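S.K.:
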């Protein structure tokens, strides 16, 4: 009788095909589910499906971090929505995020996942040991020599930094606005109280939420690494990036993004009207731009953590 032999290449192709099928099914399901529940509009649904597929196809760890970020954000957006709608003019209880909002909080990380696959291949654990090993593959990256192992670790750091910042900022915004204590403006060295929902305003509850959000991303990475003790330090990277990202976002929000208070509705609004008073900042960029810039800066800082 003739025996069939399976080569490593055939096993890899089979595993990759299975992961691509899984990524397709899960990303489409999650995006449609978000659209059905009005957490996403149509453009947001399409954007989420694209981002979800690419992330899951690159690595299960990439994909699960993305999914749990959006799931937790969606839940917290709905939490206390009646109170939030009385404070913020643009609050929508169901979320209803569009493509711009989706890409703001996922585009850079998705590009990192793509580059990870291109330069490092299959997913691997973080390992920053400086000793060059016999099995290390050295790459020439824009004139600099770096081992593939170290490059993979750096890419994982910036990926975690991205979602730690996004999660920390979202959790801080959605929970901090519910604080019984008024937030204090970061540019006043926390001396000036401002209305809840003001860009650049920070409260103890919101700051704690940003730390927990960043730690949440780090814990997901660690659990998806089968709780390997060598990967646990990435939890602290997540915590630090959640806090740093929140501070950067607040500084930008208090300076290059305007916050107006409407005397008629008693709410924080984004656009100037006859009955509004400028609380903080200047109207240079949108909220999405502030989020994108703060994510990028924190990703860069994470390279030195």
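In the numbering used here, the protein residues as written are 16 to 320.
All residues carry an ideal CB built from backbone N, CA and C; glycine is no exception.
Small disclaimer: the values here were computed from a predicted structure and weren't measured.
Which residue's Cα is closest to the Cα of residue 130: 94, 81, 174 and 97?
M.R.: Checked all of 94, 81, 174 and 97; the closest Cα to residue 130 is 174.
S.K.: Where in the region 111-147 do unbroken runs of the alpha helix (DSSP H), each at least 4 residues long, occur, reported from the N-terminal end onward?
M.R.: Those alpha helix (DSSP H) runs which fall completely within the region 111-147 and span 4+ residues are 114-119 and 122-135.
S.K.: Out of 59, 91, 31 and 128, which has the shortest C-alpha to C-alpha gap to residue 43?
M.R.: Per the Cα distances, 59.
S.K.: Hey, how far is the Cα of residue 147 from the Cα of residue 160?
M.R.: Using only the alpha carbons, I get a separation of about 12 Å.
S.K.: Give me the Cβ distance between residue 275 and residue 255, rounded to the nearest whole Å; I'm assuming they're in contact under 8 Å.
M.R.: Wrong, their Cβ atoms sit about 33 Å apart, outside the cutoff.
S.K.: When the Cα of residue 124 is compared with those of 319, 313 and 320, which residue comes out closest?
M.R.: It is 313 whose Cα lies nearest to the Cα of residue 124.
S.K.: Output the boundary residues of the beta strand (DSSP E) element that contains residue 275.
M.R.: Where residue 275 is concerned, the enclosing beta strand (DSSP E) stretches over 274-277.
S.K.: I want to see whether chain B comes within less than 7 Å of residue 144, judged by CB atoms only; does it?
M.R.: Of the protein chains in the structure, only one exists, and it is not chain B.
S.K.: Just list the residues that DSSP pairs residue 293 with in beta bridges.
M.R.: According to DSSP, which records beta bridges pairwise, residue 293 is partnered with 275.
S.K.: Beta carbon of residue 270, beta carbon of residue 228: below 7 Å?
M.R.: The answer is no: Cβ separation not under 7 Å.
S.K.: Classify residue 18 as helix, strand or coil using the three-state DSSP reduction.
M.R.: The predicted position of residue 18 is uncertain, since its pLDDT is 49 and thus under 50; a value taken from the coordinates is nonetheless stated next. DSSP places residue 18 in coil when its eight states are reduced to three.
S.K.: In the DSSP output, what is residue 103 paired with across the bridge?
M.R.: DSSP lists 283 as partners of residue 103.
S.K.: Check each candidate in 216, 68 and 319 and name the one with the smallest Cα separation from residue 201.
M.R.: Cα-wise, what sits closest to residue 201 is 216.
S.K.: If we ignore side chains and look at the alpha-carbon of each, how far apart do residue 14 and residue 53 end up?
M.R.: Since the first and last residues shown for the chain are 16 and 320, residue 14 lies out of range.
S.K.: Using DSSP with H/G/I as helix, E/B as strand and the rest coil, what is residue 161?
M.R.: Residue 161 falls in the strand class under three-state DSSP.
S.K.: Work out the CA separation of residue 180 and residue 231 for me, nearest whole Å.
M.R.: Their backbone Cα atoms lie some 11 Å apart in a straight line.
S.K.: Is the region 134-142 close to the region 240-250, with three or more CB pairs under 8 Å?
M.R.: With the cut-off at 8 Å, the region 134-142 and the region 240-250 touch.
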